[in-house]
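Read through the structure below, which is laid out as structure tokens, and then see the notes.
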Amino acid sequence: MNEVNRRNQLEADAAKPLAAAIAIGVGALGPGIGIGLLAGRAMEALGRNPEATGPVQQNMILALAFAEAIAIYALVVAIIILFV
């Protein structure tokens, strides 16, 4: 019985790096796409109306911070998976 428990523990330890990689990979995919689309649309808006640089840039930076926070949460989850 002890051998079975040890084997299960080894399998769980072997799966941790894969689980962490999947967590950060999927968790960073959405924000990466969102940030790319956001920056592209901001450049289009500035190309059409250069006088609106201030408000567009301010809103873009705020939206980038919110999108990046999701990727940071995914990184924290991946670190927790690895070390707990």
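Counting from 1, position 62 in the sequence shown corresponds to residue 54 in the numbering used here; the numbering is continuous, with no gaps.
We treat Cβ as the ideally placed atom computed from N, Cα and C, and that holds for glycine.
None of these values were measured; they are calculated from a predicted model.
Enclosing alpha helix (DSSP H) for residue i [first to last residue]
i: N0; result: N(-6) to R40
i: A61; result: T45 to F75
Residue i versus residue j: straight-line alpha-carbon distance, rounded
i: V69; j: M35; result: 33 Å
i: L67; j: A37; result: 32 Å
i: I53; j: R40; result: 19 Å
i: A57; j: F75; result: 27 Å
Contact check, residue i vs residue j, beta carbons under 8 Å
i: G22; j: Y65; result: no
i: L30; j: A12; result: no
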